[in-house]
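Numbered continuously in the numbering used here, the sequence shown closes out at residue 1048.
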Amino acid sequence: MFTDDGSPTLFGVPCGAHYPTAIKNGLLSRLKDTPPDMLARTEIFVNTSRMKKEIQEAFEDGSTRFLPKLRLLSHLGMDHEFMDLPVPISGLRRRLELAQLVSHFLNQEPQFATRSSVFDLSDSLALLFSEMHDEGVKPEDIQNLKVPDASGHWQKSLQFLSILFGLFTNDDTAELSGEDRLRLVIERLEKTWTITPPDHPILIVGSTGSRGMTARFMSLVAQLPNGAVILPGVDFDMPSEVWSQIYSEDRVAVEHPQERMARMAHRLGLRPDRIQRWDLVTQENQSRNRLVSLALRPAPITDQWMKEGPTFQGIEEATGRLSLIEAPDMRLESNAIALVLRRAVHDGKTAALVTPDRDLARRVTALLGRWNIVPDDSAGIPLNQTPPGRLLRHVVGLVGRVLSSEDLLVLLKHPLCARGIQEGAREDDARGFHLLWTRELEVHLRQKSVAFPSREDLLHWAIKSGEDKDDKDARLAWAGWVADQSEYFHEAPNGSLGVHLDRLLALSSRLVMGPRSSDDRELWAQHAGREAKRVVEGLYREADHAGAMTSMEFGDLFRAILGRETVRDPSPKHPKVMIWGTLEARALGADLVILGGLNESIWPQSVGQDPWFSRDMRRQAGLLSPEQSIGLSAHDFQQAVAAPEVILTRAKRDAEAETVASRWLIRLTNLMAGMSDAGRKALQEMRDRGSDWIALAELLDKPEFTLPSAKRPSPRPPVAARPRQLSVTRIETLIRDPYDIYASRILRLNKLDPLSREPDVRERGTALHAIMESYLSQIGEESHEEALARFLTVAEEVLEREVSWPSARRVWLGRVRRIADGLVARERERLAKGTPVGIEAKGAMHLPEVDFSLTCKADRIDRKEDDTFVIYDYKSGSPPTEKQTKIFNIQLHLEAAMMEEGKFENVPMGRVSEVAYLGLNNTLSETVLPLEPADIDEIKEKLVQLIRSYDNRELGYSARRMMKTVRFETDFEHLSRYGEWSDADTPVPEDLE
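Set out below in structure tokens:
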């Protein structure tokens, strides 16, 4: 039907032609003299669902005609004639079985890999299994490889690969893999169609035969009397001598975009330059195709540029609707693309962004939101990013852990949490209270710096926050439910896949139901929920093939499976703005096509490292070259760049470093720059058009007006609003950074700790003070060794009680152990000189001359043998110098003044002869200051003067007045707008009412 000489029928559609339309036109022209029902009997095998949909829409153009049968290549063998073949086992079952075999191997050979790599290794084996079937590679082909392996590494790898080889010799027909079944289907078709060829047309469209079994089926169809293979994106402008450089007996240019076309022609015994055009009606930009074809010539013959470049005709036609955007960074690239798409909408054009870079696609989607444009993204949404997917992912990642505040709030804030509806109640009621109490609980946990909230913490919040009995009871019930959910996560026993799934669903369902409902339907609602349920049901079906696993292994497995699934976003999309992957671009067409992310490692993507074979080993075995993916990407580029209007974009710099332009873009620009004056002019015009978009993109983020930088603040509130009481430790803050006192005591602002905060100096200091307090409270007659042992015991107990972070406990305990011997020795020396009379002693003193009160908590007060006292202050870091204690660190001097006036609780009044700052650091450094009565009076008078100066309305609370270091950070720098001003700026007073 398609040829007169009986030779294999191989056709092609040129780059730039709308492929589905070309398929329709070519088929209708060839069937115009046949009965009308011949079209209905025609079978068309396509490579993707998208291609199937587009071809169907091309035929549904309003004309009265039958429609052909459209079938997916992946559904080959679904007809009733193949019902006797067993249903193939799922890819998931194969992966689970391989994981068990890998786990067993690692138990015997633990040095080969870590246990955490079980599923990664099983995935690698599954991919190799599929590739070996596709390419017809037998286990003996691998075992007979000639590998110089002095280290024995290959023998170890071969021992591991024997896990896979055993699957090839499995004679159990009930355990057919998908690859095995497809092979049996094709073998049966080869036998049947050789004897009795189909009497109706059979076409294969959209595929290039990149997979071995697909190529085998394409060869079969091409040799049928009524069969034909129509290749997409064939370069009909390439000379015959160039085709021989791409694929021949002694040379294969796998990175060339036409390598797969040449391979298919060679497989059928045809010359690639004899591939026929399928449709003579559909038009393409022939000048553009010739230019790109020349630019992508194989490397050994790029010298042809010198010959053909200067004589190239039609450069203006080729590049007149071709632009090049070379953005300085990724942000401007995204902005420029968004603007191009916005302009296309304004002009009524269909426009598509084609890119393999999902980050770029997400950035552009977000930017289009400012104009309420939602693009139709063919990639959909990863299932693990949908509400049910995120909840399941969060839950599986937290099993077996004590939940931190951040972990708990991530669950409570999830949009599906507490969605269950109690009978007779409205959803808004329960959900509203849940959100309200979650917000209040978050503030409480931040204010109290609760790292790992316990049941007691949650119930304490409920009791303290309740306004009346009913409110308190409701909060207590909710807090109890939260505590229950938190505690359910603690256990993580090993078990079968089914056991882990049961636990995952139980935890997730409880969260969705909420405290007063048994309805978890919201977890499985909407399209994303149904897809998540399908994934879970699939895991249940194959659970018996998984074996026992830990909760961590289950988490790795579940997250990996969830991450591979995608769902279509059901929200309305703009009908003329699309985002396509490179595969979808083959089937679709648009007035304007943007090829985004044209940088190396993005388009094309970097070739990954094969964990098992070198390039030479793959060649010997008959496996595919790693560079084949580059050739396929090059073919996608060659097709996409042939669209009617094209904009090429790249970012010159990514988040880390300068980028390298895509090899195809480099070839195109180098060719144009060297071909002729016309070529250089055309290239400059392409860049000029791109520069216009960059200029607009820069304006997009430029503010309409610029706010002046803030001045260094020095607020002057009314005297009546100024604090009349401070602790002795805050006096240093008043001296160094008065603005801190203004914000915390006058504005009453408190810094909220981050939920995921790490243990810092504050926690460490608190823990060390608690250790010293507990140690000193149990003083008795003991040797140095006994005291040291008791000190270390106390340290372990206190750190276990006071520090919630296990890693911090271990680190801090190690530091304490390093200084323990020296610290205990010095403490024994201090105890020999005096007896502690106050540990964490509270004190308060009023200064009537300025109506101001001081409060404090002294770390330690000792009575010496001469009945004078010494006051100690423990520092987790380095103690202040003697000079600093005279100006800033006057804490102990003020405590001495309080001591001499008898202002400490349960501590007798007496003269203080000495104060000392004791460092609990590696050097155990100390700052000891003898005191005379005049010293105390002087410091007290300085304090009175300081307070009196702030009773003057003219003195403001200046920010960062006398900081210890320029880099020293404070809690209120963001409030004072530090950074817009510097420490060298003069404070600007501002009167406040």
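Even for Gly, the Cβ is constructed at its ideal location relative to N, Cα and C. Predicted model only: the values in this text are computed from it and were never measured.
Give a yes or no on whether the C-beta atoms belonging to residue i and residue j are separated by under 8 Å.
i      : j       : result
Arg800 : Ser908  : no
Val454 : Arg558  : yes
Asp795 : Thr1025 : yes
Leu65  : Ile257  : no
Glu700 : Leu638  : no
Ala434 : Val632  : no
Arg345 : Ala697  : no
Phe692 : Trp658  : yes
His555 : Met604  : yes
Met293 : Gly67   : no
His629 : Ile428  : yes
Leu231 : Ile144  : yes
Would you report the Cα separation of residue i and residue j, rounded to the nearest angstrom?
i       : j       : result
Arg149  : Glu759  : 59 Å
Leu1047 : Pro770  : 7 Å
Gln946  : Glu904  : 20 Å
Glu98   : Asp290  : 26 Å
Asp928  : Gln166  : 53 Å
Val101  : Gly663  : 29 Å
Glu895  : Glu955  : 17 Å
Ser862  : Glu813  : 10 Å
Ser968  : Lys912  : 19 Å
Lys766  : Val1043 : 6 Å
Ala168  : Asp665  : 16 Å
Tyr74   : Pro287  : 7 Å
Lys958  : Arg474  : 57 Å
Please classify residue i: is it buried, with 16 or more other beta-carbons within 10 angstroms of its beta-carbon, or exposed?
i       : result
Asp116  : exposed
Trp426  : exposed
Asn1068 : With the chain running from 56 to 1048 in the structure shown, residue 1068 is simply not present.
Glu640  : Reading the sequence as shown, one finds Ala at residue 640 and not Glu. Ala640 should be labelled buried.
Glu1035 : exposed
Gln660  : exposed
Pro91   : exposed
Met133  : exposed
Lys107  : buried
Glu597  : buried
Ile78   : buried
Gly479  : Because Gly479 carries a pLDDT of 49, less than 50, the predicted location of this residue cannot be relied on, and the following value inherits that uncertainty. It is exposed - the Cβ of Gly479 has fewer than 16 other Cβ atoms within 10 Å.
Arg418  : buried
Lys995  : buried
Arg318  : buried
Asn162  : exposed
Name, in chain order, the residues that DSSP records as bridge partners for residue i.
i       : result
Leu703  : Leu379, Leu650
Asp917  : Pro891, Val925
Ser782  : Thr910
Ile657  : Gln660
Ile257  : Glu98, Gly282
His449  : Answer by DSSP bridge pairing: none, since His449 is not bridged.
Arg1130 : A query on residue 1130 cannot be resolved here, the shown segment of the chain reaching from 56 to 1048 and no further.
Thr621  : Pro437
Met604  : Gly550
Lys897  : Lys912
Trp635  : Val409
Quick one, which of the options has its alpha-carbon nearest residue i's?
i       : options                         : result
Leu239  : Val297, Tyr797, Ser212, Arg271  : Arg271
Thr263  : Gln313, Thr249, Glu296          : Gln313
Asp1006 : Lys79, Met1018, Asp906          : Asp906
Val970  : Gln1000, Leu491, Pro935, Glu960 : Pro935
Ala320  : Phe1027, Val858, Val284         : Val284
Arg817  : Thr605, Trp867, Arg845          : Trp867
Arg448  : Leu438, Gln359, Arg501          : Leu438
Lys201  : Met1018, Met268, Arg670, Leu127 : Arg670
Val983  : Lys912, Ser129, Pro963, Gln939  : Gln939
Glu371  : Ile790, Gly745, Gln739, Ile518  : Gln739
Val783  : Ile649, Asp914, Arg881          : Asp914
Leu513  : Asp523, Arg803, Arg1008, His499 : His499
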